[in-house]
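Input: a single structure, listed below in structure tokens.
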Amino acid sequence: MQQEVSQLKEVTFDIKKVFEAKRIDRYLASRLPDYSRTFIQKLVKEGAVLVNGHTVKSSYDIQKGDFISVHVPVLEESKIVPEDIPLNIVYEDDYLMLINKPYDMVVHPAGGHPSGTLVNGLAFYCQNLSQINGPSKAGIVHRLDRDTTGVMLVIKSNVVHSHIAMQFEKRHIKKEYIAVVEGEIMFDSDEINLPIGRHKSERQKMAVRRDDGKEAMSVYEVMERFRGYTLVKIKPKTGRTHQIRVHMKAIGHPVVADFMYSNHESCYLSDLLEKERESGEVPIIDRQALHAHRIEFFHPVQNRKMEFQADLPEDISLLVKTLREVRPYKNGNN
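Just so you know, the sequence shown maps onto residues 449 to 782 in this note's numbering.
What follows is the structure, given as structure tokens:
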């Protein structure tokens with residue numbers, strides 16, 4: 449989306465707790481979810497990010513007591529600008545398509561994110577996207593978090609969009625996610641029924657809110673166990689923001705490397721080996737280990753049920769492979 453800069457606004461963060469090796473670009477990307485890490489790094493390079501009044505590099509590790517100020521552009525929407533962004537298309541017909549969304553891609557322009565979104569890429573690839581939700585969300589009937597990978601449904605026809613939206617509303621569309629979570633889940637399967645609402649003090653986050661939260665239900669099933677970790681399949685019955693991430697944290701098993709809800713930004717081999725991290729060590733995964741694996745819906749034009757899936761991305765596959773090698777699960781001998 450092309451947008452015009454009208455002014456800058458300052459966003460500040462007062463670091464009141466200790467983070468272990470927390471890079472400032474990753475911290476800000478987690479606290480400003482409408483901006484990609486690439487865009488945050490650009491702001492740091494341009495001197496728009498100050499720590500205690502001084503410019504820093506993206507690799508700077510934040511410290512307790514730091515005061516961070518970020519000047520981000522306040523942008524006014526003008527029009528969608530098509531961008532030649534590679535799209536991994538799982539399926540396409542005249543009415544809809546399925547995209548395998550990569551990591552670190554914002555779905556649509558919001559909160560001042562100027563470009564590089566899925567909508568920008570879709571506008572370049574396809575000229576006849578549904579406009580029901582407006583130009584900034586052209587074709588988008590549901591969304592994935594910036595750092596969640598996986599299959600997404602994109603609609604071309606306004607009529608089909610209305611039909612698919614009704615299926616979402618009536619909970620007829622079935623979605624299935626795969627995640628690696630911290631800890632060894634006790635039950636092989638269970639339903640999580642906990643209401644979700646905006647966090648009272650941290651507005652970027654969601655939380656279980658028994659006072660005024662909205663109904664939220666997720667069903668999980670254990671796929672594989674490791675020592676200290678679990679691979680799970682999760683089927684959300686509702687579609688609340690950050691639902692799976694909040695629900696898994698609520699039962700004591702946050703998604704691996706989900707900084708917003710687990711306080712860990714990455715997972716390293718040294719973490720799994722319970723050894724001291726080596727200088728220059730590259731993480732196995734440095735975003736939440738959550739993947740939208742499968743979606744099932746009814747095609748209103750072809751008049752048939754359709755099911756699509758996206759294989760696990762390389763980083764989650766590597767994490768699972770490494771867990772099998774270094775933290776195998778032996779029942780009764782953990």
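Just so you know, even glycine gets a beta-carbon here, dropped at the ideal spot from N, CA and C.
No experiment lies behind these values; they were computed from the predicted model shown.
### Query
Are ASP593 and SER484 close, meaning C-beta to C-beta below 8 Å?
no
### Message
For a test of the three-state rule: what should DSSP assign to GLN691, helix, strand or coil?
### Response
helix
#### Entry: Spatially closest choice to PHE635 from LYS512, VAL749, ARG657, VAL680, by CA coordinates
VAL680
### Query
Pick from LEU642, VAL599, ASP509: whose alpha carbon is nearest that of LEU476?
ASP509
### Task
Specify the secondary structure class of LYS763 as computed by DSSP and reduced to three states.
It should be noted that the sequence gives Asp, not Lys, for residue 763. ASP763 falls in the helix class under three-state DSSP.
#### Entry: One or two residues paired with HIS739 in a DSSP bridge
THR597, ILE626
### Task
Let me know if ILE640 comes out buried or exposed under the rule of 16 or more other beta-carbons within 10 Å of its beta-carbon.
buried
#### Entry: Spatial distance of GLY661 from GLY728 (CA atoms)
43 Å
### Task
List the residues that DSSP assigns as beta-bridge partners of GLN757.
ARG742
### Query
Should the stretch 622-631 be called in touch with the stretch 738-746, which here means at least 3 C-beta pairs below 8 Å?
yes
#### Entry: Three-state class that DSSP yields for ASP473 in the structure shown
helix
### Query
Taking C-alpha atoms, which residue in GLU773, ARG772, ARG752, GLU713 lies nearest to ARG479?
GLU713
### Task
Report yes or no: do the stretch 719-726 and the stretch 749-761 share at least 3 C-beta pairs separated by less than 8 Å?
no
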